[in-house]
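As structure tokens, the structure follows; a few thoughts come after it.
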Amino acid sequence: MLEKKVFLIIVAHNGMTWIDRCLKSCGNYPVIVVDNASTDETVLFIEKQFPEVILLKQSHNLGFGAANNIGMKYALEQGADYVFLLNQDAYLEEDTLVKLVEAHKRQPDYGVLSPMHLNGTGDKLDYNFSLYITPNRCKGFYSDFCLRTVKNTVYETGFVNAAAWLLSRECIEKVGGFNPSFYHYGEDDNYAQRIKYHGLKIGVLANTFIRHDRGNKQGNVYFQNKQLVYERQLVMKYSNPFHEFTFSKEYKKQLFSAFKGLLSFNINTVKKAIEMLKILNDLNKTSIIANRAISKKSQLSFL
Numbered sequence: 001m002l003e004k005k006v007f008l009i010i011v012a013h014n015g016m017t018w019i020d021r022c023l024k025s026c027g028n029y030p031v032i033v034v035d036n037a038s039t040d041e042t043v044l045f046i047e048k049q050f051p052e053v054i055l056l057k058q059s060h061n062l063g064f065g066a067a068n069n070i071g072m073k074y075a076l077e078q079g080a081d082y083v084f085l086l087n088q089d090a091y092l093e094e095d096t097l098v099k100l101v102e103a104h105k106r107q108p109d110y111g112v113l114s115p116m117h118l119n120g121t122g123d124k125l126d127y128n129f130s131l132y133i134t135p136n137r138c139k140g141f142y143s144d145f146c147l148r149t150v151k152n153t154v155y156e157t158g159f160v161n162a163a164a165w166l167l168s169r170e171c172i173e174k175v176g177g178f179n180p181s182f183y184h185y186g187e188d189d190n191y192a193q194r195i196k197y198h199g200l201k202i203g204v205l206a207n208t209f210i211r212h213d214r215g216n217k218q219g220n221v222y223f224q225n226k227q228l229v230y231e232r233q234l235v236m237k238y239s240n241p242f243h244e245f246t247f248s249k250e251y252k253k254q255l256f257s258a259f260k261g262l263l264s265f266n267i268n269t270v271k272k273a274i275e276m277l278k279i280l281n282d283l284n285k286t287s288i289i290a291n292r293a294i295s296k297k298s299q300l301s302f303l
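Residue numbers for the sequence shown follow full-length UniProt numbering, so the first one is 1 and each next one is one higher.
Here's what the structure looks like:
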């Protein structure tokens, strides 16, 4: 265990497939589970098998970011020095948190530190994670790995998904929580942008591991549905603290696409442009703009 107070935060939703192994991997650290209105036995199982877990039950599914915000706020109120966000389908290795905290104490300019993500069986890298440590995204790691000279230090990268994030209290007090403009997916991309905007870094500690048990999950509607993808892309674009965008440009882009479709008698292009315009029109643009402005301030935003 550590001198520093570390709280683990797990957002759960119908997590019976993984929750037993996930919670057992957390050891003796204080654990906060924010349950997003599970309809399976997740809540009853935790209450019976893990009564020591702090279980914050929600009446409806808040999404990943908003639920984590509840957990982070609670942890800070309890005096947490660090929080560790862990997916319900991920499992900690025994010494992961100790090594991550020690690394952060040596290099406090990192806002997020992540362990290496293995697959559920631990015999391969998680595929998505492998994309974050390519030579163009994670300087030095690939070369060190190939030459078997991987260092016991932090490798800086531009992004790691929030399946296993160590966040210091100082980082949260500066960057805040997740932007509520995002419901599910995209919130960690935005948080990574905000970390860099506030002068902090994102890193991977090569000698620490978690297992991310994605398994053979069914197709994800948030990536298969073109309308949802487009909506998320718009929110990501207009929430980026580094860039100034106007919605009028996007309107003009889609209107021009519809006009071209009409001229070429391409009905599919026209229909697609109309669908995109409807999504654009339905966006809560006022809220997105306001949340972007809030996210640029150094404070406990959104908590």
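Even for Gly, the Cβ is constructed at its ideal location relative to N, Cα and C.
Quick caveat, the model's predicted, so the values are computed rather than measured.
Among the residues of its own chain, which have a CB less than 7 Å from the CB of residue i, if the five just before and after it don't count?
| i | result |
| --- | --- |
| S298 | K174, H198 |
| I19 | A12, T42, F45, I46, Q88 |
| K99 | L205, N207, T208 |
| K57 | D35, V43 |
Roughly how many angstroms separate the alpha carbons of residue i and residue j, rounded to a whole number?
| i | j | result |
| --- | --- | --- |
| L300 | L200 | 15 Å |
| K260 | F159 | 37 Å |
| E187 | L125 | 23 Å |
| Y82 | F178 | 16 Å |
| I294 | H184 | 20 Å |
| G27 | Q193 | 32 Å |
| S143 | L118 | 19 Å |
| G122 | L23 | 17 Å |
| residue 308 | D109 | In the structure as shown, the chain begins at 1 and stops at 303. Residue 308 is therefore absent and cannot be evaluated. |
| L113 | R21 | 23 Å |
| L263 | T153 | 58 Å |
| P30 | K5 | 9 Å |
Assign residue i to one of three DSSP states: helix, strand, or coil.
| i | result |
| --- | --- |
| A192 | helix |
| N207 | strand |
| K57 | strand |
| G261 | helix |
| H117 | strand |
| V160 | coil |
| Y29 | coil |
| K237 | helix |
| Y183 | coil |
| K201 | strand |
| G111 | strand |
| F256 | helix |
| D282 | helix |
| S130 | helix |
According to the neighbour-count rule (16 or more other Cβ atoms, all chains shown, within 10 Å of its Cβ), is residue i buried or exposed?
| i | result |
| --- | --- |
| A290 | exposed |
| E77 | exposed |
| I32 | buried |
| K35 | Residue identity differs from the one stated: residue 35 is Asp in this sequence, not Lys. D35 comes out buried. |
| G63 | buried |
| G111 | buried |
Excluding five sequence neighbours on each side, which residues of the same chain lie with their C-beta closer than 6 Å to the C-beta of residue i?
| i | result |
| --- | --- |
| M116 | F209 |
| E156 | K201, G203 |
| K237 | F245 |
| A162 | L85, D188 |
On the DSSP letters alone, give me the boundaries of the beta strand (DSSP E) that residue i sits inside.
| i | result |
| --- | --- |
| D213 | Taken as a continuous stretch (DSSP letters only), D213 belongs to no beta strand (DSSP E), as it is neither H nor E. |
| T157 | 154-157 |
| I10 | 6-12 |
| L92 | 90-92 |
If you follow the alpha helix (DSSP H) that residue i is in, where does it begin and where does it stop?
| i | result |
| --- | --- |
| D144 | 141-146 |
| L100 | 96-106 |
By Cβ distance, which residues of its chain are closer than 8 Å to residue i, with the 5 residues on each side in sequence left out?
| i | result |
| --- | --- |
| Y132 | C138, T157, G158, F159, V160, N161, V204 |
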